[in-house]
Amino acid sequence: MSKYNLTSEYKAVVIGGSAGSFQGIIKILSVIPEDFPLPIIAALHRLKHVRHGFVEVVSLKSALKIVEPEDKESIRKGMVYLAPANYHLAVELGNYFSLSTEDMVNNSRPAIDITLSTAAYVYRNKLIGILLSGANRDGGLGMKNIKDKGGLTVVQEPSDCMIDTMPKAALSLTSIDYTLTIDQIIDLLKELYQQYP
Amino acid sequence: MSNTIQDIDIADIRKITGLVYSKYGYDFRDYAISSFKRRMVRVLELGGMTVETLIKKLTDHPAYVNEFLDEITVNVTELFRDPGFWRLLREEIIPGILLNNKEFRILHAGCSSGEEVLSMAILLKEMGLQNNASIIATDLDTTILEKAKSASYLLKTMDVNEKNYIRFLGKTKLKAYYEEENGKAVFHHDLLKNVSFRKYDLVTGEVFNKFDLILCRNVMIYFNQTLQNEVLKKFHSSLFKYGYLAIGSKESIIWCDYANRFIVVNQEEKVYKKVRD
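If you read the protein sequences in the order shown, they are chains A and B.
Here the first sequence is numbered in the working numbering, starting from 1 and rising by one per residue.
Here the second sequence is numbered in the working numbering, starting from 1001 and rising by one per residue.
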C-alpha cells in the first residue's frame, strides 16, 4: 500500500483548520494510534475566552496525548499539540514551541499562517502540512511556505468542506500535492504510520 | 493579507541587535527568535526599508531608536485579560498579602500600554484598597509609557474589555470608569494616582526595590530561555519573602535555576510565591 509515496523522513505534521473543521479534526485524531511516530501540531481558530473544553473533548476520542503547549515546551513525537486560545503558536529551531500575543494575523490568534510558516522554516522538506475547512484565507501563505521549503502539502477537498474558502485560498497560492477528503487524509496518515519501523 | 513570507537572515538580525546594543544600550540579543524575526520584518515593511537602510538609519539618526523600540516591542493587550486570573487576585492573592501588610507594593514589569495597570487599579478601587497600594509600572518603550499614562484607549477595543470585565464579575460596568471623547475611552485619572510609570529595561536594568506582588504576564515569552532565567533571578531579588509572582497562563518557570525558590500558588493562572531567599 503506497498510494501517497510517503517515506519515513518526515519529522512533523501540522494541521490548520477553522470553521467547519472541528468534526474532521476529531475524526482524524480518533483513529491515529498512540504510538504515532511524529508530533502533530494543530492550529485551529477558536473562541478566545474559552480556554478549556477542546482538549478534553478531543482526549475522550483519541488515544494520543493532547496538550496545549506552554512557552518553550519541547516538541515530542506521539503528542498532539493544540495552539492555545488567544496566543500564536510558533515552532523554533531547536525543536520547541514559543507563544506570542502579537497582533492578530488574518483576524486570527492563533494564526494558522504563523504556526505553518515557522514549522516550515524549522522542518523544511520534512514537514507535512494539512489545511482543512475554514471561512477565511488564513493558512494559505503557510501552505505556500511549506511547499517552497519542499514539504508535503495536503488540503481538504473543497466539496468535502463545510466551508471551502481556506483550502481554496491555499490551492490558489501554491501547488498542493494532495486534495483529499477527511477519510483519504486518514488513509494518508495511516500510510505514513506504516513507513516507520 | 499580512505577509509572513518575507525572510530575514539570523545573521542580519544579529547585526541589528548588536548595533542597537552597542550604540543605545538596549539588549534584544536574547529575545526569542521567531517572534523577533516577525517584528523585524514588520519594521522593514512599515518603513519600506532593507536591512542595510535600517542599519544606516539606526546609525545616523539616534532619534529614530525610539520609533524602532515602539515597533519592535509587542504592545497588544486587554483590560482584564484572562478574567479568572483577576478573580484569583481579588479572592486569594490580595487577601493573602493583606494578612501580613496593610500597605503593599506592586510592580508591573513590561506594562506596555497600561491595560493591566488599569485593571489592577480598578480591582483595588473595588476592594476599597486603592490607597493601600503603591504601584510601579515599567516599560523600555517611552512612546508606549506615554500611552499608558494617558489611560485612554480606542472605543472599538472596549467591547473586548467590557466582556472581560463582565467575566471578572466586577462591581459595576466598565463604563463607570471612563468618559467617551473623540472615539476614545478616557479613564478617570484618579484611578492611576498611586501609580508611578518608569522607563526601565528588564534585560539591562538593576533591581531597584522590593515588592509584594510582581505581574509580568506575557512578557517573558518574547525572551529566550537564557534571558528568562536571568529575569526570573531579578524578580526573585525584587520580591519580599512570601511575595507573589504572576506570569502568563501559558508561561512556565519550572526549568529555571530559581524555580525551587518558589512554590506554585495557582497552576492554572501561573501565580507563584517566593518561599526561599
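Even glycine gets a Cβ: it sits at the ideal position worked out from N, Cα and C.
With a cutoff of 8 angstroms on beta-carbon distance, ILE66/A and LEU89/A are scored as not near each other.
Across the region 1034-1064 of chain B, CB contacts with chain A closer than 8 angstroms involve SER1034, SER1035, ARG1038 and ARG1039, in sequence order along the chain. With contacts defined by Cβ atoms closer than 8 angstroms, ILE163/A and GLY134/A form a contacting pair. A distance below 8 angstroms between beta-carbons, with the five flanking residues on each side excluded, links ILE1106/B to the following residues of its chain, in chain order: MET1120, ALA1133, SER1134, ILE1135, ILE1136, PHE1211, ASP1212, LEU1213, ILE1214 and LEU1215. One thing to note: GLU102/A has its Cβ no nearer than 8 angstroms to the Cβ of PRO84/A. DSSP lists LYS1199/B as the bridge partner or partners of ASP1139/B.
Around ASN106/A, the same chain offers ASP113, ASN136, ARG137 and ASP138 as residues with beta carbons nearer than 7 angstroms, after the five sequence neighbours per side are excluded. Positions of the beta strand (DSSP E) runs, each at least 3 residues long and wholly inside the region 1105-1175 of chain B, are given as 1133-1139 and 1152-1154 in order along the chain.
Taking a Cβ-Cβ cut-off of 9 angstroms, the neighbours of ILE1221/B in chain A comprise ASP71, LYS72, TYR87, SER98, LEU99, SER100 and THR101, given in sequence order. Note: HIS88/A is bridge-paired with SER100/A in the DSSP secondary-structure output. Contact check between the region 117-134 of chain A and the region 13-21 of chain A: three or more CB pairs, one atom from each, fall below 8 angstroms, which counts as touching. Membership of PHE22/A in the alpha helix (DSSP H) is indicated by the continuous run 22-31. Around the beta carbon of VAL1195/B, 16 or more other beta carbons sit within 10 angstroms, so the residue counts as buried. For LEU1213/B, the three-state secondary structure derived from DSSP is strand.
Nearest CB-CB separation between GLU92/A and chain B: below the 8 angstroms threshold.
Distance from the Cα of TRP1086/B is smallest, within the candidate group GLU1268/B, ARG1276/B and ASP1277/B, for GLU1268/B. For ILE163/A, the three-state secondary structure derived from DSSP is coil.
Residue-level contact check: THR115/A does not touch chain B, since none of the beta carbons of chain B fall below 8 angstroms from its beta carbon.
For GLN156/A, the secondary structure class from DSSP, reduced to helix, strand or coil, is strand.
Uninterrupted alpha helix (DSSP H) stretches at least 4 residues long and entirely within the region 1031-1084 of chain B occur at 1033-1047, 1051-1060 and 1064-1072, given in chain order. Nearest C-alpha to LEU64/A among HIS45/A, LEU99/A, LYS11/A and ILE26/A: ILE26/A. When secondary structure is reduced to three states using DSSP, ASN95/A falls in the coil class, being assigned neither helix nor strand.
Closest in alpha carbon position to ASP1030/B, among ILE1247/B, ILE1122/B, THR1204/B and GLU1071/B, is THR1204/B. When only Cα atoms are considered, GLN184/A and ARG1039/B end up about 38 angstroms apart.
Contact residues of the region 115-135 of chain A toward chain B are SER117 and THR118 (C-beta to C-beta distance below 7 angstroms).
Nearest CB-CB separation between PRO39/A and chain B: not below the 8 angstroms threshold. Cβ-Cβ separation between LEU1174/B and MET1158/B: approximately 7 angstroms, consistent with a contact (criterion under 8 angstroms). In the structure shown, ILE66/A adopts extended strand secondary structure according to DSSP, grouped into three states. For LEU180/A, the enclosing beta strand (DSSP E) starts and ends at 178-180. Check the Cα spacing between VAL1076/B and each of PHE1104/B, VAL1219/B and PHE1187/B: the tightest is with VAL1219/B. Under the Cβ distance rule, PRO84/A counts among the residues neighbouring chain B, one pair being separated by less than 8 angstroms. Look at the region 1133-1160 of chain B: the residues with a C-beta under 9 angstroms from a C-beta of chain A are VAL1160.
Closest in C-alpha terms to ASN1164/B, from the list LYS1023/B, ASP1082/B, HIS1188/B and HIS1108/B, comes ASP1082/B.
The continuous beta strand (DSSP E) containing LEU127/A extends over residues 127-131. In the structure shown, the three-state DSSP call for LYS1234/B is helix.
A direct Cα-to-Cα measurement between SER98/A and LEU1192/B gives close to 33 angstroms.
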